[in-house]
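Numbering (the numbering used here), first residue to last: 2 to 653. Think of the CB as a built atom: it goes at the ideal place given N, C-alpha and C, for glycine as much as any other residue. Just so it is clear, the structure is predicted and the values come from calculations on it, not from any experiment.
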């Protein structure tokens, strides 16, 4: 009740009700009765009083809501009821009017209550509308700030310009005294001060580098969550005393992030205490995200610039190599059309670039070479067998032919083949030189074999015969002369043995130079003789398998095969430490194949043929040269501790 005593409406209603009661009962109050004029219609006057009693009820309903109206109606009704019962005539009419007044008071109270509810709902709706308007204005302000940030940071892709424009907008929008932008160096794990406003150079130098997790900014960069510091100069987490020196107070730090990755921090600070609202924290966080996107775009722009520069340099270098290459380079589409050529192509083919560019590359070649190159482009280039193509024939504009060695490589874009690059090396002179060398080697080999044959025959016909005659003469002297003393006979016997030994050596040397069995009986008996000789002289276990239809070959081929087998067996005898040797000779309709295998110690085969000479394996080089002279191939297989296998294959 105490609070009602302080409300003026309460006293005004009470005064009206008291004044009305005094007037209503004035004729029964002596000092008021004389003052009231006499009315001819007493009932009508009191009916008017009862009607006017609605006024304080309505007043109470307006001032104290429906509860005040109901209470006022009850109190006034109780005040009116005694006169209606005791002094009014007729009593029933007065009581009816009093009851009617009560219900009319309640009705007025209810109507006023409904009106007040409607007014309150209207006021509430107005307040909500105003609140929504404030939110909209705040959102407009926030969106405006973000748009300003977005527009300023998008004006340039240079990192320094982006950061400078961004920090100016942050200072302006957030009304801050100091602002810093730190960027994270992932390699060193440090935050570097990239831009600052409002701080002295001494302060900026004092916080120019922070480790991840150090200080306020280091913690935000590590956690990725905003941080508010009420008083930075007094906070125990402070790691740089220079902040205390410049009396920085309220500080708000948010992460600069993009695609969920923290790239740095955005910090604003005040020289006084300030409580940042949640909306301001959200706004600064959104700004940090905008700056993060701009920073990432700037980094990508820098990378693109570097990549573009590198591509430009690479393209210039490639163009220089392309144009100045001594080898002809053709750049072709996937349909084999020539797109680009270098100067060496013009020199090689005799055609100009204008004549070459629309031409399918395979049309420059002839015979089998054309079909081989055409087959590459007729299939899926993703699966085409690319690499080196040897012995191709190109027809020049003047009709002459050039021998080329091609190297085909794909041109890729996003892992897709968009063309082929064909590098053609002119080996015409090399081919001719190789032919001349092969002819020369054949002539030298033939002369060497002829000389071997001559020496072998001379040794067999002359030296061997003389040694045989000497041996028989010494034998006849020892056995025929009876007058020789014992010591003379012993000396003659030793001379006889020496003559026999020399004769045997001459015969063996003659056989090694050119075995007569090869010329007389052919290749198979000669190879069997070689195997039997190594079995007798070196106590090795041997095995010979001859398969296919035996046939005589040309003397040149039989001699080459024999020499290759002879060199292989000599290597086994001298270097392999083998205990067994196997030889397989196969006469197939289209080829002759000779396989010699031992169980010796083996050796590591060099990657290049030229390394064989450096390692002292000249015999293998000689075998390969002899095989090449008869258009054969030699395959050498060997491992340390696993023996060696030599396979000779001669077509035809």
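- prompt: Would you call the region 535-548 and the region 569-586 in contact, with 3 or more CB pairs under 8 angstroms?
  reply: Yes, they touch.
query: So the beta strand (DSSP E) residue 411 belongs to, where does it begin and stop?
result: For this step, residue 411 is matched to residue 410 along the chain shown. Per DSSP, residue 411 belongs to the beta strand (DSSP E) from 402-414.
message: Short of 8 angstroms in beta carbon distance, which residues of its chain neighbour residue 191, apart from the five on each side in sequence? Order them along the chain.
response: For the purposes of this step, residue 191 is taken as the residue at position 190 of the chain shown. Hits under 8 angstroms: 185, 210, 211, 212 and 213.
field: According to DSSP, residues forming a beta bridge with residue 591
entry: Here residue 591 is taken as the residue at index 590 of the chain shown, counted from 1. Answer is none; residue 591 lacks a bridge partner.
task: Taking 8 angstroms as the threshold, find out whether the region 278-298 comes into contact with the region 235-250 through three or more Cβ pairs.
output: The answer is no - the region 235-250 does not touch the region 278-298, with fewer than three Cβ pairs under 8 angstroms.
- request: Assuming residue 76 and residue 102 form a contact by the criterion Cβ under 8 angstroms, report the distance between their Cβ atoms to the nearest whole angstrom.
  value: Here residue 76 corresponds to residue number 75 of the chain shown, with the count starting at 1. Here residue 102 corresponds to residue number 101 of the chain shown, with the count starting at 1. The C-beta separation of residue 76 from residue 102 comes to about 12 angstroms, leaving the pair out of contact by the 8 angstroms criterion.
- prompt: Three or more C-beta pairs closer than 8 angstroms, one from the region 288-305 and one from the region 161-168: is that the case here?
  reply: Because the criterion of three Cβ pairs below 8 angstroms is met, the region 288-305 and the region 161-168 touch.
task: Measure the Cβ-Cβ separation of residue 168 and residue 182 and say whether it is below 7 angstroms.
output: Taking the chain shown and counting its residues from 1, the one referred to as residue 168 is at position 167. Taking the chain shown and counting its residues from 1, the one referred to as residue 182 is at position 181. In this structure, residue 168 lies near residue 182, with their beta-carbon atoms less than 7 angstroms apart.
query: If we call anything under 7 angstroms between Cβ atoms a contact, is residue 270 one with residue 249?
result: The residue you call residue 270 lines up with position 269 of the chain shown. The residue you call residue 249 lines up with position 248 of the chain shown. For residue 270 and residue 249, yes; Cβs fall inside 7 angstroms.
task: Give a yes or no on whether the C-beta atoms belonging to residue 479 and residue 487 are separated by under 7 angstroms.
output: In the chain shown, residue 479 corresponds to position 478, counting from 1. In the chain shown, residue 487 corresponds to position 486, counting from 1. Contact flag unset, no.
message: Looking only at its chain, what residues have a beta carbon closer than 6 angstroms to the beta carbon of residue 501, apart from the 5 residues adjacent to it on each side?
response: For the purposes of this step, residue 501 is taken as residue 500 along the chain shown, with counting starting at 1. Sequence-distant partners of residue 501 (beyond 5 residues in either direction) whose C-beta falls short of 6 angstroms from its own C-beta, in its chain, are 472.
- request: Consult DSSP for residue 426 and reduce its assignment to one of helix, strand or coil.
  value: The residue labelled residue 426 in the question sits at position 425 within the chain shown. In the structure shown, residue 426 sits in a strand (DSSP, three-state: E or B).
query: Can you name the start and end residues of the beta strand (DSSP E) that residue 177 belongs to?
result: By one-based count along the chain shown, residue 177 stands at place 176. Where residue 177 is concerned, there is no enclosing beta strand (DSSP E), because DSSP gives it neither an H nor an E.
- request: Figure out for me which residue from 285, 522 and 62 has the closest Cα to the Cα of residue 552.
  value: The residue given as residue 552 occupies position 551 in the chain shown. Considering only 285, 522 and 62, the residue with the shortest C-alpha distance to residue 552 is 522.
- request: Tell me whether residue 62 is buried or exposed, calling it buried when 16 or more other Cβ atoms sit within 10 Å of its Cβ.
  value: Here the question's residue 62 lines up with position 61 in the chain shown. Answer is buried; the Cβ neighbour count reaches 16.
query: Hey, how far is the Cα of residue 375 from the Cα of residue 344?
result: Working through the chain shown from its first residue, we reach residue 375 at position 374. Working through the chain shown from its first residue, we reach residue 344 at position 343. Answer to the nearest angstrom: the Cα atoms are 24 angstroms apart.
query: How would you call residue 641, buried or exposed, if buried means at least 16 neighbouring beta carbons within 10 angstroms?
result: In the chain shown, residue 641 corresponds to position 640, counting from 1. The residue is exposed, with fewer than 16 neighbouring Cβ atoms inside 10 Å.
Inter-residue spacing [alpha-carbon to alpha-carbon] between residue 197 and residue 205: For the purposes of this step, residue 197 is taken as residue 196 along the chain shown, with counting starting at 1. For the purposes of this step, residue 205 is taken as residue 204 along the chain shown, with counting starting at 1. Each residue's CA atom was taken as its position, placing residue 197 and residue 205 some 7 angstroms apart.
- prompt: Tell me which same chain residues have a C-beta within less than 6 angstroms of the C-beta of residue 339, skipping the five on either side of it?
  reply: For the purposes of this step, residue 339 is identified with residue 338 of the chain shown, where counting begins at 1. Hits under 6 angstroms: 331, 333, 357, 358, 360 and 362.
task: Report the residue from 595, 574 and 594 whose alpha carbon sits nearest the alpha carbon of residue 601.
output: Reading the chain shown from its first residue, position 600 is the one you call residue 601. Its Cα nearest to that of residue 601, the residue 574 stands out among 595, 574 and 594.
task: Helix, strand or coil for residue 274, going by three-state DSSP, please let me know.
output: Here the question's residue 274 lines up with position 273 in the chain shown. Three-state result, residue 274: coil.
field: Residue range of the unbroken beta strand (DSSP E) whose run includes residue 330
entry: Counting from 1 along the chain shown, the entry for residue 330 is found at position 329. Taken as a continuous stretch (DSSP letters only), the beta strand (DSSP E) holding residue 330 covers 329-333.
- request: Kindly identify the DSSP beta-bridge partner or partners of residue 394.
  value: Counting from one through the chain shown, the residue named residue 394 turns up at place 393. According to DSSP, residue pairing for residue 394 in a beta bridge involves 404.
field: Length at least 4, wholly inside the region 173-238: the alpha helix (DSSP H) runs in chain order
entry: DSSP runs (the alpha helix (DSSP H)) wholly in the region 173-238: 202-207 and 216-224.
- request: Leaving aside the five residues before and after residue 403 along the sequence, list all residues of the same chain whose C-beta is less than 7 angstroms from its C-beta, in chain order.
  value: Along the chain shown, read from residue 1 onward, the residue named residue 403 stands at position 402. Counting only Cβ-Cβ distances below 7 angstroms, and skipping sequence neighbours, we find 349, 395, 397, 427 and 429.
field: residue 621 versus 425, 633 and 637, residue with shortest Cα-Cα distance
entry: Position 620 of the chain shown, counted from the first residue, corresponds to residue 621. The shortest Cα separation from residue 621 among 425, 633 and 637 belongs to 637.
query: How long is the line joining the alpha carbons of residue 412 and residue 389, rounded to whole angstroms?
result: Residue mapping note: residue 412 aligns to position 411 of the chain shown, counting from 1. Residue mapping note: residue 389 aligns to position 388 of the chain shown, counting from 1. Their Cα atoms are separated by approximately 16 angstroms.
message: Considering just the uninterrupted stretch of the beta strand (DSSP E) at residue 259, what are its terminal residues?
response: Walking along the chain shown from the start, residue 259 turns up at place 258. It spans 252-259 - the beta strand (DSSP E) in which residue 259 sits, taken as one unbroken run.
message: I need the DSSP call for residue 41, collapsed to helix, strand or coil.
response: Start at 1 with the first residue of the chain shown, and residue 41 comes out as number 40. Interpretation of residue 41 is limited by its pLDDT of 44, a score under 50 that renders its predicted location unreliable; the figure taken from the coordinates is listed afterwards. It is coil, neither helix nor strand.
task: Could you check if residue 40 is buried or exposed, using at least 16 other CB atoms within 10 Å of its CB as the buried criterion?
output: Position 39 of the chain shown, counted from the first residue, corresponds to residue 40. For residue 40, the predicted structure reports a pLDDT of 47, less than 50, and the residue's modelled location is therefore unreliable. A value from the coordinates is still provided. Note on residue 40: under 16 other CB atoms within 10 angstroms of its CB, so exposed under the neighbour-count rule.
message: Here's a check: name, in chain order, each residue in its chain whose Cβ is nearer than 7 angstroms to the Cβ of residue 194, leaving out the five neighbours to either side.
response: Translated into positions along the chain shown, residue 194 becomes position 193. Cβ neighbours of residue 194 beyond the five flanking positions: 181, 183, 205, 208 and 209.
field: Distance, residue 365 Cα to residue 354 Cα
entry: Counting from 1 along the chain shown, the entry for residue 354 is found at position 353. Counting from 1 along the chain shown, the entry for residue 365 is found at position 364. Our two residues, residue 354 and residue 365, have alpha carbons roughly 13 angstroms apart in a direct line.
task: Report the three-state DSSP secondary structure of residue 248 (helix, strand or coil).
output: Residue mapping note: residue 248 aligns to position 247 of the chain shown, counting from 1. DSSP places residue 248 in coil when its eight states are reduced to three.
- prompt: Which term fits residue 658, buried or exposed, when burial requires 16 or more other beta carbons within 10 angstroms of its beta carbon?
  reply: No statement about residue 658 is possible, as the shown extent of the chain runs from 2 to 653 and does not include it.
query: So, does the CB of residue 318 fall closer than 7 angstroms to a CB anywhere in chain B?
result: Reference to chain B is not applicable here, since this structure consists of a single protein chain.
- request: Counting only runs of 4+ residues fully inside the region 459-493, write out the alpha helix (DSSP H) ranges in chain order.
  value: Counting only runs of 4 or more, we get 465-481.
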